[in-house]
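Undergrad:
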Amino acid sequence: MKQFFTLFILLFGFTLTHAQLIPRDKIIVEGTVGFWTTYCAGATLGADELIENDYDVAVILNHFQDSLANVYSNARVAFYQTTVYPTMYIDGLTSIPGGSSTNSLFPEYEEKVIQRMSIPSAYDIDIDLQKNGLNYSAEITIDNVVAAAEENLVFYFVITESRLPVSWGLADEQNHINRLMVPDQNGTIVDFEGGLQQTINLNFSVEPFWETDYCEIVAFIQDTASEGFTPREVKQGTKMVLAIPDHDIDAEARWILYPDTVYCGDTLEPVVYIRNKGAETLNSLDITYTVNDDTILYYDWTGDLDFTEGEEVYLPKIGFEQLDINEFRYKLSNPNGVTDQNPDNDSLQLIFHKAPQYDSAEIYVKIKTDDFPEETFYRIYNDEGEIVFSNSNFDPYPNTILIDTVTLHGTGCYTFVIYDTFGDGMCCEYGEGYYEVWNKDYSVYITGSEFEFEEARPIERIGENILICDFLVDDTFTIQGDSVFFTDESLGTVSEWQWNFYGGQAVDSTVENPIVFYSDTGYYDVTLIISDGITSDTLTKEDYIFVDFGVGQKDLREDRVVLYPNPTTGKLFVSGVKNARIEVYSIMGRKVYADARMENNFIDLSGLKAGIYFVKIGLDDQTVISKKISLFR
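Going by this note's numbering, the sequence shown opens with residue 30, and the numbers climb by one from there.
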């Protein structure tokens with residue numbers, strides 16, 4: 030009985046102590062990375078995605094031997110004695126070495142973070158932050174909530190910066206960079222000998238070029254007793270935004286994302302970025318915008334932005350008369366229906382230039398490749414976003430000049446986009462590559478070489494429109510009284526169509542894609558004249574349409590019946606015959622498919638096994654043709 034009572038007291042004491050522990054505030058995800066290995070890209074992206082998926086984590090990325098490395102990041106690399114790059118440490122206890130140049134490591138990190146969130150903590154960290162210009166003072170209070178008797182604990186205070194505009198790996202910007210450790214990389218010893226609460230006062234300054242709105246304080250308590258490669262457990266972590274609001278109501282016109290500094294066209298759909306710099310949540314806002322101080326448009330924005338949060342705003346289209354030099358401007362007012370307490374950041378303007386103009390249909394694209402031509406390719410898009418020309422055939426031609434002649438048939442706006450799959454452009458570390466786009470007199474209009482993954486350059490094609498007439502038909506064979514559907518396939522900006530259908534019930538048509546009925550048998554020409562109001566082009570296809578008697582009145586011409594595609598994966602189109610009887614036989618002579626009257630222009634053989642088959646096509650009781658097809662999977 031005495032033994033049972035003692036055990037009960039021990040269990041009760043353990044339960045009580047465990048119940049007094051508090052949840053973990055933030056899991057510390059600390060990584061060692063470097064730009065010199067592409068495998069770090071998947072690690073940094075995985076850390077970003079932990080934040081994006083709302084996990085309670087605080088991320089620190091310690092760069093090593095690259096442009097973002099410093100004494101603090103180097104010290105943390107030495108602290109963990111890292112030998113594999115990248116390596117991510119989850120609360121110092123679990124190390125995940127290795128990375129990927131193509132895929133995020135989020136799934137691996139997520140599993141360990143979830144496991145760690147279930148472990149309560151004996152410590153609570155509270156930070157009171159004060160600011161005076163670039164100088165800060167922090168009063169940190171650490172509570173030992175269960176009187177835990179642990180030694181070798183150190184409190185670390187880290188300043189990280191995010192959204193650095195460095196495009197590398199799998200991201201266009203770099204986040205969670207270790208910028209500063211206070212008082213230094215060695216931290217502050219945690220000592221509860223005087224009680225269950227310890228107060229630490231720290232003073233520090235930030236660099237003027239740091240974006241403090243994107244800086245965080247990451248603070249944590251870590252056991253430093255372990256040595257060598259043994260993990261060092263983080264007991265509790267927390268984080269907070271370094272920025273402190275100066276006003277209650279402060280809406281900021283942060284960026285102009287679109288247009289760029291060069292633009293083509295006389296209409297614009299601007300994209301701007303707004304941000305809440307005030308202590309109160311931003312829920313509504315008036316936005317006015319104009320181009321060249323002409324028409325002013327108004328837009329009512331509503332949303333939910335806390336302090337330092339921002340949002341891209343896609344503004345409705347605005348028309349304007351394009352000049353050689355243009356100005357776009359937008360202004361914010363009435364945040365939450367009241368006066369903005371800081372009007373100095375309410376507006377932004379952007380000067381943009383008219384896109385280079387090419388007065389000829391033919392342009393010339395000159396590519397000087399670098400040491401790795403397989404990484405380079407380019408595309409030219411029209412104003413509908415369609416690719417009108419592309420070239421990726423630069424391998425194996427390193428350090429070679431190659432020239433393409435490109436015809437831009439229609440006038441209007443185009444975009445030349447050059448790509449580098451590795452992300453280091455065409456110059457200058459691995460060769461001195463470049464691109465140029467000329468007009469017909471070989472004067473250079475646009476050129477470039479130093480970019481990262483891609484560079485887009487708008488151009489405008491002016492002058493005469495180039496028209497090239499062409500058309501197709503759904504089937505060049507028909508029978509008396511049946512219809513044929515014509516499709517205009519012309520190149521250029523066409524505004525007028527004049528069709529002539531010799532033998533058709535309607536001889537003429539001015540619609541773009543007409544439907545024509547034929548009454549009499551025979552072979553008939555089709556003519557199309559296209560125009561843009563200034564220039565025109567004409568095409569006649571002789572004996573293009575063949576009209577035969579109705580079903581059962583005359584044999585079909587075998588040379589006009591086509592089965593395609595052949596080989597086929599199942600769907601087989603039949604051209605040159607209508608309303609016929611279809612039978613399909615295996616190579617052993619067994620009938621495997623039959624259709625007494627084919628009303629569509631295709632048959633579906635997807636239910637058959639791969640192999641050789643014979644298709645017999647008949648009218649009434651007479652088989653007129655037999656063709657061999659191949660079916661594959």
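Each residue gets a CB set at the ideal place from its N, CA and C atoms; glycine is no exception.
Quick caveat: nothing in here was measured; it's all calculated off a predicted structure.
Within the continuous beta strand (DSSP E) that includes residue 282, where are the two ends?
TA: What you label residue 282 is simply residue 253 of the sequence shown in a count that begins at 1. Taken as a continuous stretch (DSSP letters only), the beta strand (DSSP E) holding residue 282 covers 280-287.
Undergrad: Any contact between the segment 130-141 and the segment 73-87? By contact I mean 3 or more CB pairs, one from each, below 8 angstroms.
TA: These segments touch.
Undergrad: Please tell me whether residue 445 and residue 475 are closer than 8 angstroms, where the distance is taken between their beta carbons.
TA: Residue numbering aside, residue 445 sits at position 416 when the sequence shown is read from its first letter. Residue numbering aside, residue 475 sits at position 446 when the sequence shown is read from its first letter. For residue 445 and residue 475, yes; Cβs fall inside 8 angstroms.
Undergrad: Pop quiz: residue 280 and residue 364 are said to be a contact at Cβ under 8 angstroms. What is the actual Cβ separation, rounded to whole angstroms?
TA: Along the sequence shown, read from residue 1 onward, the residue named residue 280 stands at position 251. Along the sequence shown, read from residue 1 onward, the residue named residue 364 stands at position 335. Yes, residue 280 and residue 364 are in contact; Cβ-Cβ is about 4 angstroms, under 8 angstroms.
Undergrad: For residue 92, does the count of other Cβ atoms within 10 angstroms reach 16, so buried, or fall short, so exposed?
TA: Residue mapping note: residue 92 aligns to position 63 of the sequence shown, counting from 1. Counting Cβ neighbours within 10 Å, residue 92 comes out buried, since at least 16 surround it.
Undergrad: Taking buried to mean at least 16 other C-beta atoms within 10 Å of its own C-beta, is residue 609 buried or exposed?
TA: Position 580 of the sequence shown, counting from 1, holds the residue named residue 609. Looking at its Cβ environment, which holds 16 or more other Cβ atoms inside 10 Å, residue 609 is buried.
Undergrad: Are the beta-carbon atoms of residue 216 and residue 185 separated by less than 8 angstroms?
TA: The residue labelled residue 216 in the question sits at position 187 within the sequence shown. The residue labelled residue 185 in the question sits at position 156 within the sequence shown. Their beta carbons are under 8 angstroms apart, which means residue 216 touches residue 185 by this criterion.
Undergrad: I believe residue 643 touches residue 622 by the beta-carbon criterion, under 8 angstroms. Please report the beta-carbon distance rounded to the nearest angstrom.
TA: Your numbering for residue 643 matches position 614 in the sequence shown. Your numbering for residue 622 matches position 593 in the sequence shown. With 8 angstroms as the limit, residue 643 and residue 622 do not qualify as a contact, their Cβ atoms being about 11 angstroms apart.
Undergrad: According to DSSP, is residue 244 part of a helix, a strand, or is it coil?
TA: Here residue 244 refers to the residue found at position 215 when the sequence shown is read from its first residue. Strand.
Undergrad: Ends of the beta strand (DSSP E) at residue 74?
TA: Taking the sequence shown and counting its residues from 1, one reaches residue 74 at position 45. Note, residue 74: premise wrong, no beta strand (DSSP E); alpha helix (DSSP H) at 69-81.
Undergrad: Quick one: Cα of residue 605 to Cα of residue 539, how far?
TA: Reading the sequence shown from its first residue, position 576 is the one you call residue 605. Reading the sequence shown from its first residue, position 510 is the one you call residue 539. Looking at the two C-alpha atoms, the distance is approximately 27 angstroms.
Undergrad: Extract the residue ranges of the beta strand (DSSP E) inside the segment 163-231, only unbroken runs of 3 or more that lie entirely within it.
TA: Within the segment 163-231, the complete beta strand (DSSP E) runs of at least 3 residues are 164-173, 182-190 and 206-211.
Undergrad: Taking residue 376 as the reference, which of 389, 421 and 357 has the closest Cα?
TA: Walking along the sequence shown from the start, residue 376 turns up at place 347. Among 389, 421 and 357, the Cα nearest to that of residue 376 is on 357.
Undergrad: Is it buried or exposed for residue 325, if we count other Cβ within 10 angstroms and need 16 for buried?
TA: Here the question's residue 325 lines up with position 296 in the sequence shown. Under this definition residue 325 is an exposed residue.
Undergrad: Mapping the DSSP letters down to three states, classify residue 104 as helix, strand or coil.
TA: Counting from one through the sequence shown, the residue named residue 104 turns up at place 75. The answer is helix: DSSP assigns residue 104 an H, G or I state.
Undergrad: Check whether the segment 227-237 touches the segment 157-170, taking contact to mean three or more Cβ pairs, one atom from each stretch, closer than 8 angstroms.
TA: Touching, yes.
Undergrad: Considering only the beta carbon of each residue, do residue 284 and residue 270 sit closer than 8 angstroms?
TA: Against the sequence shown, residue 284 aligns to sequence position 255. Against the sequence shown, residue 270 aligns to sequence position 241. Contact: no.
Undergrad: Assuming the contact rule is C-beta atoms closer than 8 angstroms, residue 138 and residue 69 should be a hit. Round their C-beta distance to whole Å, please.
TA: In the sequence shown, counting from the first residue as 1, residue 138 sits at position 109. In the sequence shown, counting from the first residue as 1, residue 69 sits at position 40. Not a contact, Cβ separation roughly 14 angstroms.
Undergrad: If you drop the 5 nearest sequence neighbours on each side, which residues of the same chain put their C-beta closer than 8 angstroms to that of residue 630?
TA: Along the sequence shown, one-based indexing puts residue 630 at 601. Closer than 8 angstroms at the Cβ level, and outside the excluded window around residue 630, lie 503, 504, 602, 603, 604 and 607.
Undergrad: Counting pairs of beta carbons, one from the segment 431-442 and one from the segment 390-409, are three or more of them closer than 8 angstroms?
TA: The segment 431-442 vs the segment 390-409: in contact.
Undergrad: Quick check on residue 484: buried or exposed, where buried means 16 or more other Cβ atoms within 10 Å of its Cβ?
TA: Counted from its first residue, the sequence shown places residue 484 at position 455. When all chains shown are included, residue 484 counts as buried.
Undergrad: Could you give the C-beta distance for residue 746 and residue 157, rounded to a whole number, given that I count them as a contact under 8 angstroms?
TA: Residue 746 is absent from the model: the chain starts at 30 and stops at 662.
Undergrad: Pick helix, strand or coil for residue 99, following the three-state DSSP scheme.
TA: Indexing the sequence shown from 1 puts residue 99 at position 70. Residue state, collapsed to three classes: coil.
Undergrad: Look up residue 109 in the DSSP assignment and say whether it is helix, strand or coil.
TA: Residue mapping note: residue 109 aligns to position 80 of the sequence shown, counting from 1. Correct three-state label for residue 109: helix.
Undergrad: Check the DSSP bridge columns for residue 379 and list the partner residues they point to.
TA: Along the sequence shown, one-based indexing puts residue 379 at 350. DSSP, once it has assigned bridges, lists 357 as partnering residue 379.
Undergrad: Just to confirm my understanding: we take residue 295, look at its own chain, exclude 5 residues before and 5 after, and list those with CB closer than 8 angstroms. What are they?
TA: In the sequence shown, counting from the first residue as 1, residue 295 sits at position 266. The answer, listed in chain order, is 348, 349, 350 and 351.
Undergrad: Going by DSSP, which residues form a beta bridge with residue 142?
TA: Taking the sequence shown and counting its residues from 1, one reaches residue 142 at position 113. In DSSP, residue 142 forms no bridge with anything.
Undergrad: Name the residue from 321, 182, 277 and 315 whose alpha carbon lies nearest to the alpha carbon of residue 261.
TA: Reading the sequence shown from its first residue, position 232 is the one you call residue 261. Looking at the Cα atoms, 182 is the closest of the given residues.
Undergrad: How would you call residue 244, buried or exposed, if buried means at least 16 neighbouring beta carbons within 10 angstroms?
TA: Within the sequence shown, numbered from 1, the residue matching residue 244 stands at position 215. Flag for residue 244 reads buried.
Undergrad: Would you report the Cα separation of residue 661 and residue 592, rounded to the nearest angstrom?
TA: Numbered from its first residue, the sequence shown carries residue 661 at position 632. Numbered from its first residue, the sequence shown carries residue 592 at position 563. So the alpha carbons of these two residues sit roughly 15 angstroms apart.
Undergrad: Specify the secondary structure class of residue 487 as computed by DSSP and reduced to three states.
TA: Residue 487 sits at position 458 when you count from the first residue of the sequence shown. Looking at residue 487 - three-state DSSP - the assignment turns out to be strand.
Undergrad: In terms of alpha-carbon separation, which member of 149, 105, 370 and 340 lies closest to residue 187?
TA: Here residue 187 is taken as the residue at index 158 of the sequence shown, counted from 1. Of 149, 105, 370 and 340, the residue nearest in Cα terms is 105.
Undergrad: Would you mind giving the Cβ-Cβ distance between residue 562 and residue 439, rounded to the nearest angstrom? I have them listed as a contact below 8 angstroms.
TA: Along the sequence shown, read from residue 1 onward, the residue named residue 562 stands at position 533. Along the sequence shown, read from residue 1 onward, the residue named residue 439 stands at position 410. In fact, because the Cβ distance is near 13 angstroms, the residues do not count as touching under 8 angstroms.
Undergrad: Give the range of the beta strand (DSSP E) segment to which residue 117 is assigned.
TA: The residue labelled residue 117 in the question sits at position 88 within the sequence shown. It spans 116-119 - the beta strand (DSSP E) in which residue 117 sits, taken as one unbroken run.
Undergrad: For residue 615, write down the residues that DSSP places opposite it in a beta bridge.
TA: Along the sequence shown, read from residue 1 onward, the residue named residue 615 stands at position 586. Residue 615 pairs with 642.
Undergrad: Evaluate contact between the segment 453-470 and the segment 489-499, counting only Cβ atoms and requiring at least three cross-stretch pairs below 8 angstroms.
TA: With the cut-off at 8 angstroms, the segment 453-470 and the segment 489-499 do not touch.
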